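A.B. asks: Mapping to this note's numbering: the sequence shown position 357 is 377, numbers consecutive.
Glycine included, C-beta positions come from ideal geometry on N, C-alpha and C.
Keep in mind the model is a prediction, meaning the values are calculated, not measured.
The structure that follows is given in the form of structure tokens.
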Amino acid sequence: MNKLLSKIQMSKISNILTLISITLFLFIFFAFLPQPFSLGASLDPGWSYAISQAVEQKLLFGKDIVFTYGPLGYLVAGASLEGNFLQIILFRWLVYLLLFIVSIIRILTMKNSIHRLLLVLTILFALITGTPYVGVGMSTDYQILFIYLLILSFNNIFQKYPRLIPLFVGAVSGFCILTKFSLGIYIFGSFLLFLLINFLKGIKTKSETEIINNIFAITNLVLATLSVAWIFLIPNNFLTNFNSIILKLSFSCIAGISGWFLSNRVNQKYVQTYSNLLPWLIFYFVYSLLIAHAIFDDSSVSLINYFKNSLEMSSGYSSAMSVVGNQFTLVLAILEYIIILIFLFLILQEGYLNLSLSLLFILFICFKHGFVRQDGHVVVFAITIPLIALLCLLKIKKYRNLKISYFFYCFILIASIFIAGSGLSPVVQGRKLLLNNVIHNIVSISDLNGLKTEIIRKSKLDLVDLHLPNYVKKLVNKKTIDIIPWDISLVPANNLNWVPRPAFQSYSAYTNKLDNLNFESMSKSPRDYIFYNFQSIDGRHPFFDEPKTFFYVFCNYQPSVDAPDFINTPALKNIVLLEKRKLSRCLPDSFSKKSSISWNTPYSTETVGESIIRAKVKFQYSFIGKIYKTIFRSPPVMIKINYVNGFHNTYRIIPENSENGVIVNYLPKDDNEALSFLRGKLLAQVQSFSFQTSNSLLYAPKIELSFSSDTLRN
Numbered sequence: 021m022n023k024l025l026s027k028i029q030m031s032k033i034s035n036i037l038t039l040i041s042i043t044l045f046l047f048i049f050f051a052f053l054p055q056p057f058s059l060g061a062s063l064d065p066g067w068s069y070a071i072s073q074a075v076e077q078k079l080l081f082g083k084d085i086v087f088t089y090g091p092l093g094y095l096v097a098g099a100s101l102e103g104n105f106l107q108i109i110l111f112r113w114l115v116y117l118l119l120f121i122v123s124i125i126r127i128l129t130m131k132n133s134i135h136r137l138l139l140v141l142t143i144l145f146a147l148i149t150g151t152p153y154v155g156v157g158m159s160t161d162y163q164i165l166f167i168y169l170l171i172l173s174f175n176n177i178f179q180k181y182p183r184l185i186p187l188f189v190g191a192v193s194g195f196c197i198l199t200k201f202s203l204g205i206y207i208f209g210s211f212l213l214f215l216l217i218n219f220l221k222g223i224k225t226k227s228e229t230e231i232i233n234n235i236f237a238i239t240n241l242v243l244a245t246l247s248v249a250w251i252f253l254i255p256n257n258f259l260t261n262f263n264s265i266i267l268k269l270s271f272s273c274i275a276g277i278s279g280w281f282l283s284n285r286v287n288q289k290y291v292q293t294y295s296n297l298l299p300w301l302i303f304y305f306v307y308s309l310l311i312a313h314a315i316f317d318d319s320s321v322s323l324i325n326y327f328k329n330s331l332e333m334s335s336g337y338s339s340a341m342s343v344v345g346n347q348f349t350l351v352l353a354i355l356e357y358i359i360i361l362i363f364l365f366l367i368l369q370e371g372y373l374n375l376s377l378s379l380l381f382i383l384f385i386c387f388k389h390g391f392v393r394q395d396g397h398v399v400v401f402a403i404t405i406p407l408i409a410l411l412c413l414l415k416i417k418k419y420r421n422l423k424i425s426y427f428f429y430c431f432i433l434i435a436s437i438f439i440a441g442s443g444l445s446p447v448v449q450g451r452k453l454l455l456n457n458v459i460h461n462i463v464s465i466s467d468l469n470g471l472k473t474e475i476i477r478k479s480k481l482d483l484v485d486l487h488l489p490n491y492v493k494k495l496v497n498k499k500t501i502d503i504i505p506w507d508i509s510l511v512p513a514n515n516l517n518w519v520p521r522p523a524f525q526s527y528s529a530y531t532n533k534l535d536n537l538n539f540e541s542m543s544k545s546p547r548d549y550i551f552y553n554f555q556s557i558d559g560r561h562p563f564f565d566e567p568k569t570f571f572y573v574f575c576n577y578q579p580s581v582d583a584p585d586f587i588n589t590p591a592l593k594n595i596v597l598l599e600k601r602k603l604s605r606c607l608p609d610s611f612s613k614k615s616s617i618s619w620n621t622p623y624s625t626e627t628v629g630e631s632i633i634r635a636k637v638k639f640q641y642s643f644i645g646k647i648y649k650t651i652f653r654s655p656p657v658m659i660k661i662n663y664v665n666g667f668h669n670t671y672r673i674i675p676e677n678s679e680n681g682v683i684v685n686y687l688p689k690d691d692n693e694a695l696s697f698l699r700g701k702l703l704a705q706v707q708s709f710s711f712q713t714s715n716s717l718l719y720a721p722k723i724e725l726s727f728s729s730d731t732l733r734n
């Protein structure tokens, strides 16, 4: 009788615990449910709107638009518009739901209760901390990365489906590479390493089956990535591309089957040996040729150009956007990095070389993303590193190693909390856990129309402060416009006819090539008007962001006759409306000079009359500098300006685009001087300049200068 009562009590306790667990799960799920982004002013809302609007305008990514996000980027980071609201919210909720499902499955498959607890803590920490631009709740791209990492940790899943899983992962990476380029690289690069190690293992063991399976697996990964990326490269045209892929697959299948029949008739002995392999070889060969032709096709926009320009932006980011932050935070991150390397070595000894290298690849990129720009971006490193550490723990079997690994994991989690601390606010985090927020999120699921109305209302309210005066709206009505440097939210606030430059926010023209793309866009299709603000980021001089493009704008545009003075809105001050000139105000003259200077050495400018002198500045990295930039970041390069009137300022200059020619003899210090400059009245004359950096050993000792001059028309 006592045993029966004891069983009943245990059953009740178990049921209560189950009920509590389900309640907590549902509470957390709804508390951090992603919500769509409304429109707003400033830099980040500007690009969030731009990547959504670019798809609405059917602009081609890789050609008309070049950014860190691709044509599907609006799904993970785009602002919600009338036309894309449903796509955005359903996609983000689906990814979020998958994260919870995969996490629960992974927890249930764990045999160790400590591991289960650590995974719960890891996911909760990531959700509570959040990511830049999104805040609490973790951005959708990092949710996708977490899902991938959790799937990667399942035992023997790839052995069971050696060809099918790479096909699926390739399709996902192809899709993701069009959302955020780096996300696709995370998935594709790490899984390619995983398969390559499996292939090398097959060669080492001389297993013909393993070698063949892994060759096909790698081929499936690459072809699936390229195929899906090509299908969705132009989202509005994906059905046409999908049908084209079906035709290519059908033709390749027919070729493979035909090859099998033909070889069967020609050589019976050969067929007995390779009858199963030959049709696949023919299929892959034919399909590879067809997909290669498709991705290199330049009839509209090629996938290869999208890859090249996205890589160009990624490569320029390490120097143009580098920010040096708190040294103690960096030391903590390096310690975490070293601990993970120890973990990876331990699981390598357990026989997980493939997983070890895959996680190392993700660790490397994650560290770069967090600490090239050591500001709020460090959060992406802080939330990812505990999960990587935990996945290593799952593979460590030796008790002695496992015991000390738990202490290391605790250090990593505490250090990550400290690293992310600057972005944590108990008030902000606490609001997510309020019952009112949970109820609001539950209601939003059942009333999508109400949520859409709420977001549109909030967007309109936030954009009120960007409304231009009526006379300006009438002046630019239906005219083509562009915006320099980044306040793209002026477009929806005033219903402007926006024709963007490829690198549509000036600070993101990191390299000569990106600046040239902007210049070609502006010169081949001049906009009727340009809204200009004299501002930049990170202490740069605004003229240095896109030097070739800006010089074209200066020569071919002037403050509008109908709006000659500053235009002000509640949220944005001192806007200058530039209109197209009939003739360029710049006439190249015969002045030309080449020179070279050392670091911290002043160079005097030689201004003759009303002329603009530009210097093509060529910085070269030393051997150590190239390595340092690859594995970490480039230290900011500064230019110290000494003015004729005795003032001096120090600005940041971008080494990768300064070779396009920066103005060096007149550099306005404020909005008023900039307005005078745009009117052709040259103020703020420079007497000399010099270059500085925190570590000149990372660069060549000499900086090459090539000067040219343009005389201004009266």
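Which residues in the same chain as Trp300 place their Cβ atom closer than 8 Å to its Cβ, once the five residues preceding and following it in sequence are excluded?
C.D. replies: Contacts found: Phe236, Gly276.
A.B. asks: If we ignore side chains and look at the alpha-carbon of each, how far apart do Ile797 and Leu355 end up?
C.D. replies: Only positions 21 to 734 of the chain appear in the structure, and residue 797 is not among them; the question remains open.
A.B. asks: Do the stretch 260 to 272 and the stretch 206 to 225 meet, that is, are 3 or more Cβ pairs less than 8 Å apart?
C.D. replies: Touching, no.
A.B. asks: State the DSSP-derived secondary structure class of Lys78, mapped to helix, strand or coil.
C.D. replies: Coil.
A.B. asks: Val140 to Thr650, Cα distance in whole Å?
C.D. replies: Answer to the nearest angstrom: the Cα atoms are 34 Å apart.
A.B. asks: Between the alpha carbons of Arg560 and Ile85, how many angstroms are there, rounded?
C.D. replies: Approximately 23 Å between the Cα atoms of the pair.
A.B. asks: Can the beta-carbon of Ser436 be found less than 9 Å from the beta-carbon of Phe363?
C.D. replies: Taking 9 Å as the Cβ cut-off, Ser436 and Phe363 do not qualify as a contacting pair.
A.B. asks: What is the DSSP secondary structure of Ser714, counted as helix, strand or coil?
C.D. replies: Three-state result, Ser714: coil.
A.B. asks: Using 9 Å as the threshold, is the C-beta distance between Tyr69 and Ser509 below it?
C.D. replies: Yes, they are a contact pair.
A.B. asks: For the beta strand (DSSP E) containing Tyr11, list its first residue and its last residue.
C.D. replies: In the structure as shown, the chain starts at 21 and stops at 734, and residue 11 therefore has no counterpart that could be examined.
A.B. asks: Need the endpoints of the beta strand (DSSP E) that Phe727 sits in, please.
C.D. replies: Its beta strand (DSSP E) spans residues 722 to 732.
A.B. asks: Of the choices Val192, Phe554, Ile33, Asn346, whose alpha-carbon is the least far from that of Asp395?
C.D. replies: Closest by alpha carbon: Asn346.
A.B. asks: Using the beta-carbon count (16 or more within 10 Å), is Gln525 buried or exposed?
C.D. replies: Buried, by the Cβ-count rule.
A.B. asks: Does Ser100 come out as helix, strand or coil in the three-state DSSP assignment?
C.D. replies: Residue state, collapsed to three classes: coil.
A.B. asks: Using DSSP bridges, identify the partner residues of Tyr641.
C.D. replies: Answer is Tyr719.
A.B. asks: Would a C-beta distance cut-off of 9 Å place Leu702 and Tyr686 closer than the cut-off?
C.D. replies: The answer is yes: Cβ separation under 9 Å.
A.B. asks: Which of the three DSSP states is assigned to His561 in this structure?
C.D. replies: It is coil, neither helix nor strand.
A.B. asks: Which of the three DSSP states is assigned to Thr621 in this structure?
C.D. replies: Thr621 falls in the coil class under three-state DSSP.
A.B. asks: Where Ala720 and Leu165 are concerned, what is the direct C-alpha to C-alpha distance, given to the nearest angstrom?
C.D. replies: Looking at the two C-alpha atoms, the distance is approximately 38 Å.
A.B. asks: Round the Cβ separation of Leu114 and Leu198 to the nearest angstrom and send it over; I've been treating them as touching at under 8 Å.
C.D. replies: Not confirmed; about 17 Å, so no contact.
A.B. asks: Would you report the Cα separation of Ala694 and Arg477, rounded to the nearest angstrom?
C.D. replies: C-alpha separation (whole angstroms): 36 Å.
A.B. asks: Please identify the residue among Ser278, Gly470, Pro655, Ala635 whose C-alpha is closest to the C-alpha of Gln767.
C.D. replies: With the chain covering 21 to 734 only, the question about residue 767 has no answer from this structure.
A.B. asks: Based on Cα-Cα distance, which residue from Val306, Trp280, Leu95 lies nearest to Leu746?
C.D. replies: An answer regarding residue 746 cannot be provided, because it is not within the stretch 21 to 734 covered by the chain.
A.B. asks: Is DSSP giving Phe427 helix, strand or coil here?
C.D. replies: DSSP places Phe427 in helix when its eight states are reduced to three.
A.B. asks: What residues in its chain sit with their C-beta under 8 Å from that of Asn536, if we drop five residues either side in the sequence?
C.D. replies: Hits under 8 Å: Lys568, Asn680.
A.B. asks: Rounding to the nearest angstrom, what Cα-Cα distance links Thr149 and Tyr116 in this structure?
C.D. replies: Roughly 16 Å between the two C-alpha positions.
A.B. asks: Would you report the Cα separation of Asn677 and Pro622, rounded to the nearest angstrom?
C.D. replies: Looking at the two C-alpha atoms, the distance is approximately 21 Å.
A.B. asks: What number of angstroms, rounded off, separates the C-alpha of Lys600 from the C-alpha of Ile587?
C.D. replies: Rounded to the nearest angstrom, the two C-alpha atoms are 18 Å apart.
A.B. asks: With DSSP as the reference, label Arg699 as helix, strand or coil.
C.D. replies: If DSSP states are grouped into helix, strand and coil, Arg699 belongs with coil.
A.B. asks: Just the C-alpha distance for Phe574 and Leu119, rounded to the nearest angstrom, thanks.
C.D. replies: If I take the Cα positions, the gap works out to 50 Å.
A.B. asks: Which same chain residues end up closer than 6 Å to Arg653 when comparing Cβ atoms and leaving out the 5 residues on each side of it in sequence?
C.D. replies: Excluding sequence neighbours, Arg653 sits near Ser338, Ser342, Val392.
A.B. asks: Looking at C-beta atoms only, is the number of pairs between the stretch 129 to 138 and the stretch 95 to 104 that lie closer than 8 Å three or more?
C.D. replies: These segments do not touch.
A.B. asks: Hey, which unbroken runs of the alpha helix (DSSP H) at 4 residues or more fall wholly within the stretch 193 to 219?
C.D. replies: If we require 4 residues or more, the stretch 193 to 219 turns out to have no alpha helix (DSSP H) run fully inside it.
A.B. asks: Closest to Gln705 by C-alpha separation, out of Phe711, Ser696, Asn665, would be which residue?
C.D. replies: The shortest C-alpha separation from Gln705 is found at Asn665.
A.B. asks: Go to Arg136, then tell me how far its alpha helix (DSSP H) extends in each direction, as first and last residue.
C.D. replies: Note, Arg136: alpha helix (DSSP H), 133 to 149.
A.B. asks: Just to confirm the assignment, what range does the alpha helix (DSSP H) spanning Ile367 have?
C.D. replies: Note, Ile367: alpha helix (DSSP H), 347 to 369.
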